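Visitor: Position 37 of the sequence shown, counted from 1, bears residue number 113 in the numbering used here, the numbering being contiguous throughout. Where a beta carbon is used, it is the ideal one built from N, C-alpha and C, also for glycine. Note that the coordinates shown come from a computational prediction; the quantities given were computed from them, not determined experimentally.
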Amino acid sequence: MRASKLIAVGLLSAIILASGCVPGSAQRTSSDPAEPALTPAVAPTAEPLEGYELPLDVATLEADMGDPSSIERPSADDPSPWGQWLVWDRPDGTRFRALAGDYSPDSTDSTAGVSYIELRASPQLESGTTVATPTIHGFTLNGTDIREVDEALPESTPSMMHDRPELDPDDVYHASILYEQDGLYTYFFFDDVGMLVGVGQAVFYMDGAD
Numbered sequence: 077m078r079a080s081k082l083i084a085v086g087l088l089s090a091i092i093l094a095s096g097c098v099p100g101s102a103q104r105t106s107s108d109p110a111e112p113a114l115t116p117a118v119a120p121t122a123e124p125l126e127g128y129e130l131p132l133d134v135a136t137l138e139a140d141m142g143d144p145s146s147i148e149r150p151s152a153d154d155p156s157p158w159g160q161w162l163v164w165d166r167p168d169g170t171r172f173r174a175l176a177g178d179y180s181p182d183s184t185d186s187t188a189g190v191s192y193i194e195l196r197a198s199p200q201l202e203s204g205t206t207v208a209t210p211t212i213h214g215f216t217l218n219g220t221d222i223r224e225v226d227e228a229l230p231e232s233t234p235s236m237m238h239d240r241p242e243l244d245p246d247d248v249y250h251a252s253i254l255y256e257q258d259g260l261y262t263y264f265f266f267d268d269v270g271m272l273v274g275v276g277q278a279v280f281y282m283d284g285a286d
């Protein structure tokens, strides 16, 4: 278990205390005693990441983006493989990843289903600057912070998916928030200063995955 687990819990707790709200709670809209003190928050509708509606297959992604830049296949002796990780490194510096339901250590089946996709922000440039990339719900990779996401999605909950090496082998993610709507599980990932640096989507609850 990474030390970032404790950092993430502390970071999310600080956000809740500072904002004076709890994810999923109703929002106070008026101090006038003649008006209702609380009104239910309206949950934003689900938005497909990069326009891809899950589930889909490898062939669909290859038709749009070409052959993957790299493929990480499970080892033959892995007792509980997640599948194959397909990676597309884009010209703008962002990285798109997909988890395919193909467990072969040697080849990739283009008809294999894809259960999880992820867009990772462009890394910091040598000049020290970062490239902002618009994404779903009006957020921006390298531009939106964790408090903004928490406030915009009141039904969101803390997640520990950033602590899974299967998702983050480079240890870029230090905190994560889960937003579930209409059976679509969206994970927002943040770096060590609380900046949004990744978004992932799945059609199942990944926190419980082995």
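1) Under a three-way DSSP split, which group does Asp133 fall into?
2) Hey, how far is the Cα of Asp44 from the Cα of Glu224?
3) Ser252: buried (16+ other C-beta within 10 angstroms of its C-beta) or exposed?
4) Looking only at its chain, what residues have a beta carbon closer than 7 Å to the beta carbon of Leu93, apart from the 5 residues adjacent to it on each side?
5) Can you tell me whether Tyr281 is helix, strand or coil according to DSSP?
6) Taking just the CA atoms, how far does Pro155 sit from Pro199?
7) Checking contacts by CB at 8 Å: is Gly204 closer than that to chain B?
8) With which residues is Tyr52 paired in a DSSP beta bridge?
Guide: In short:
1) As a position in the sequence shown, residue 133 is number 57, starting the count at 1. Residue state, collapsed to three classes: strand.
2) It is not possible to answer for residue 44, since the shown part of the chain is limited to 77 through 286.
3) In the sequence shown, residue 252 corresponds to position 176, counting from 1. Ser252 counts as buried, since no fewer than 16 other beta carbons sit within 10 angstroms of its beta carbon.
4) One-based indexing of the sequence shown puts residue 93 at position 17. Note that Leu93 scores a pLDDT of 41, beneath 50, so its modelled location is shaky; the value from the coordinates is reported in the next line. Excluding sequence neighbours, Leu93 sits near nothing in its chain.
5) By 1-based counting over the sequence shown, the position of residue 281 is 205. Here Tyr281 sits in coil by DSSP.
6) As a working mapping, residue 199 is identified with position 123 in the sequence shown. As a working mapping, residue 155 is identified with position 79 in the sequence shown. Cα-Cα distance, rounded: 33 Å.
7) You won't find chain B in this structure, because it holds only one protein chain.
8) In the structure displayed, the chain extends from 77 to 286; residue 52 sits before or after that span and is not available.
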